[in-house]
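K.L.:
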Amino acid sequence: MSDYVLDANVIMSMLISGKASYCELTAIFRFVTIDFVFDEIRTYKGVITTRSAKKPAELQRFAEFIFARLTVLPDFVLQEESLLKATQLCTGIDLKDVSYVALSLQLNLPLLTRDKPLVDGLRQKGFRDMMLFSDFLKRMN
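Position 24, counted from 1, in the sequence shown is what numbering that gives the first Met the number 0 calls 23; the numbers after and before it change by one each time, with no gaps.
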């Protein structure tokens, strides 16, 4: 079994689509994220609920299921060294992704994201331990 760091856009995509296959993925893989994910989900709660393929009660149950299988770590576990390196990498790309990149660096786990500009920008800076979520899903088929 492999472990991966997920950023908020992957989790929001899971919630919006509501696909049963995501339930299966959470049984096969261990997904880790940082508690900043809650800030982002709170910010986009309206988007998630209006775009969701599920009715509100179904979305609630689905979200409970998905989050029960995620490992969410508090941001205070991020070491200064990881945060500094992630800040350097994310500068000029998107600083709101620092926590996810820092967690990936610190745990030595690949980052899964739907953010192509982030992937392209980080690769240009030499960071390679990440993958677009769509590529990850293609590997599963």
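The beta-carbon is built from N, C-alpha and C at its ideal position, and this holds for glycine as well.
1. Would you list, in sequence order, the uninterrupted alpha helix (DSSP H) runs of no fewer than 4 residues that lie entirely inside the region 2-36?
2. Can you grab the Cα-Cα spacing for the pair Leu117 / Lys18, in whole Å?
3. What does a CB cutoff of less than 6 Å around Gly120 pick up in its chain, not counting 5 residues either side in sequence?
4. Between Met129 and the ligand FMN, is the CB less than 7 Å from at least one heavy atom?
5. If Asp2 and Asp114 are in contact, beta carbons under 8 Å, what's the gap, nearest whole angstrom?
6. Looking at Val31 and Leu111, is the spacing between their C-beta atoms short of 8 Å?
7. Within its chain, find whatever has a CB closer than 6 Å to the CB of Leu24; leave out the 5 residues flanking it on each side and keep chain order.
8. I need the straight-line Cα distance from Leu83 to Ile40, nearest angstrom please.
9. Could you pull out every residue in the same chain whose Cβ sits closer than 7 Å to the Cβ of Leu131, ignoring the five residues on either side in sequence?
10. Suppose you measure from the CA of Gln78 to the CA of Asp128; what does that come to, to the nearest Å?
P.N.:
According to the structure data:
1. Within the region 2-36, the complete alpha helix (DSSP H) runs of at least 4 residues are 7-16 and 19-27.
2. The residue labelled residue 117 in the question sits at position 118 within the sequence shown. The residue labelled residue 18 in the question sits at position 19 within the sequence shown. Rounded to whole angstroms, the separation of the alpha carbons of Lys18 and Leu117 is 25 Å.
3. The sequence position of residue 120 within the sequence shown is 121, counting from 1. So the list reads Ile92, once near-sequence residues are dropped.
4. Only the bare structure without any ligand can be found here, which leaves the ligand FMN out of the picture.
5. Here residue 2 refers to the residue found at position 3 of the sequence shown. Here residue 114 refers to the residue found at position 115 of the sequence shown. The pair is not a contact, with the Cβ atoms about 20 Å apart (cut-off 8 Å).
6. Mapped onto the sequence shown, residue 111 falls at position 112. Mapped onto the sequence shown, residue 31 falls at position 32. With a cutoff of 8 Å on beta-carbon distance, Leu111 and Val31 are scored as not near each other.
7. Counted from its first residue, the sequence shown places residue 24 at position 25. Closer than 6 Å at Cβ, skipping near neighbours: no residue.
8. The residue labelled residue 83 in the question sits at position 84 within the sequence shown. The residue labelled residue 40 in the question sits at position 41 within the sequence shown. Cα to Cα, Leu83 sits roughly 25 Å from Ile40.
9. Stepping through the sequence shown from its first residue, residue 131 is reached at position 132. Shown here for Leu131: same chain residues with a beta carbon closer than 7 Å to its own, the five before and five after excluded, namely Thr112, Arg113, Lys115 and Val118 in chain order.
10. On the sequence shown, position 79 is the one that residue 78 refers to. On the sequence shown, position 129 is the one that residue 128 refers to. Rounded to whole angstroms, Gln78 and Asp128 show a C-alpha spacing of 18 Å.
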